[in-house]
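Engineer: Numbering (this note's numbering), first residue to last: 31 to 138.
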């Protein structure tokens with residue numbers, strides 16, 4: 031189980047994967063290929079509500095993924111592109127996924 035925003039969740043009964051297809055079809059544009067959230071670490075497991083083999087169509091927590099070992103590339107709102115390590119502090123990673131909440135991110 032993990033904890034986020036004071037609530038616990040766990041992936042019992044859902045499909046979790048760190049697919050060999052990570053980073054695939056990013057130019058497709060559909061949310062399940064190009065979208066992600068910052069609930070889980072970069073290149074971490076994706077948790078979906080389905081186990082039907084077409085899990086990319088189901089609801090879930092989609093992690094940023096990459097074919098680059100141990101990093102994801104991120105385009106930031108200031109126009110910069112950063113390499114984000116899988117080992118980034120989870121609070122900083124989650125702060126990068128929000129806006130206007132006043133987090134102090136520091137260096138990462």
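C-beta atoms are modelled at their ideal positions from N, C-alpha and C, and glycine is treated no differently.
Output needed for residue 131: all residues of its chain with C-beta closer than 6 Å, excluding positions within five of it in sequence on either side, in chain order.
Structural biologist: Answer for residue 131: no residue qualifies.
Engineer: Between which two residues does the beta strand (DSSP E) carrying residue 112 extend?
Structural biologist: From DSSP, the beta strand (DSSP E) with residue 112 extends over 111–115.
Engineer: What residue does the alpha helix (DSSP H) around residue 122 start on, and which one ends it?
Structural biologist: First-last of the alpha helix (DSSP H) with residue 122: 120–126.
Engineer: Tell me, which residues are paired with residue 91 by DSSP?
Structural biologist: BP columns for residue 91 point to 77.
Engineer: Just to confirm my understanding: we take residue 42, look at its own chain, exclude 5 residues before and 5 after, and list those with CB closer than 6 Å. What are they?
Structural biologist: Because residue 42 carries a pLDDT of 44, less than 50, the predicted location of this residue cannot be relied on, and the following value inherits that uncertainty. Same-chain partners within the cutoff: there are none.
Engineer: In whole angstroms, what is the alpha-carbon distance linking residue 106 and residue 115?
Structural biologist: If I take the Cα positions, the gap works out to 15 Å.
Engineer: Would you mind sorting residue 110 into buried or exposed? The rule is 16 or more other CB atoms within 10 Å of its CB.
Structural biologist: Exposed.
Engineer: Assuming residue 104 is part of the beta strand (DSSP E), what are its boundary residues?
Structural biologist: Residue 104 -> beta strand (DSSP E) spans 101–105.
Engineer: Buried or exposed: residue 100, going by 16 or more other Cβ atoms within 10 Å of its Cβ?
Structural biologist: Answer is exposed; the Cβ neighbour count stays below 16.
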